[in-house]
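Quick note, our numbering runs 291 ahead of the 1-based positions in the sequence shown.
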Amino acid sequence: MKRVIFACVHNAGRSQMAAAFFNAAARNAQAVSAGTEPGERVHPVVVEAMREVGIDLSRAQPQRLTADMRADLLVTMGCGEKCPYLPGARVVDWPLPDPKDQPLEKVREIRDEVRRRVAALLASEG
Numbered sequence: 292m293k294r295v296i297f298a299c300v301h302n303a304g305r306s307q308m309a310a311a312f313f314n315a316a317a318r319n320a321q322a323v324s325a326g327t328e329p330g331e332r333v334h335p336v337v338v339e340a341m342r343e344v345g346i347d348l349s350r351a352q353p354q355r356l357t358a359d360m361r362a363d364l365l366v367t368m369g370c371g372e373k374c375p376y377l378p379g380a381r382v383v384d385w386p387l388p389d390p391k392d393q394p395l396e397k398v399r400e401i402r403d404e405v406r407r408r409v410a411a412l413l414a415s416e417g
């Protein structure tokens with residue numbers, strides 16, 4: 292596994308958190324995040340929740356997930372059938388709640404679950 296794309300609908304929460312945790316922990320791989328309908332910015336409450344664990348997403352920008360993006364693994368988080376087929380990418384789905392319009396306490400729970408899943412992914416993939 293060399294390149295991972297974490298994808299959700301707006302690329303403003305779950306996928307941003309996952310890519311940030313992955314890139315902070317991975318040694319020989321890289322992650323990007325993207326969305327099928329990217330928002331204008333990362334949700335402020337997500338930025339706040341990630342700042343609490345030492346990761347700054349204040350400059351992160353949502354981007355569109357396109358079929359020409361390349362990855363070894365595509366981790367989807369709620370985009371379902373809207374996620375395009377990426378040639379050569381294995382697909383894993385993480386059904387996680389959307390942090391949009393959620394209170395900080397709920398976003399913390401989502402953040403912590405994303406972190407657990409990223410750690411498990413890195414452990415299983417080496």
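Ideal Cβ positions, reconstructed from N, Cα and C, are used throughout, including at glycine.
Rounded straight-line distance, which links the Cα of residue j to that of residue i
i: ASP347; j: ARG381; result: 29 Å
i: ARG408; j: GLY326; result: 19 Å
i: PRO375; j: ALA358; result: 5 Å
i: GLN354; j: TRP385; result: 19 Å
i: ASP392; j: ALA315; result: 26 Å
i: LEU365; j: GLN307; result: 14 Å
i: ASN319; j: GLU331; result: 30 Å
Contact set for residue i: own chain, Cβ-Cβ below 7 Å, skip 5 residues either direction
i: VAL398; result: VAL336, VAL337, ALA340 and PRO390
i: ALA317; result: LEU413
Close beta carbons around residue i, own chain, < 8 Å, minus the five adjacent residues each side
i: VAL300; result: GLY326, THR327, GLU328, GLY369, CYS370, LYS373 and ASP389
i: LEU377; result: ILE296, ALA358, MET360, ARG361, ALA362 and LEU365
Beta-carbon separation (whole angstroms), residue i vs residue j, contact threshold 8 Å
i: ASP363; j: ARG294; result: 6 Å
Neighbour-count burial assignment, residue i, 16 or more Cβ in a 10 Å radius
i: SER324; result: buried
From the options, residue whose alpha carbon lies closest to that of residue i
i: ARG350; options: PHE312, ALA310, GLU343 and VAL333; result: VAL333
i: VAL344; options: GLN321, GLU416 and ARG402; result: ARG402
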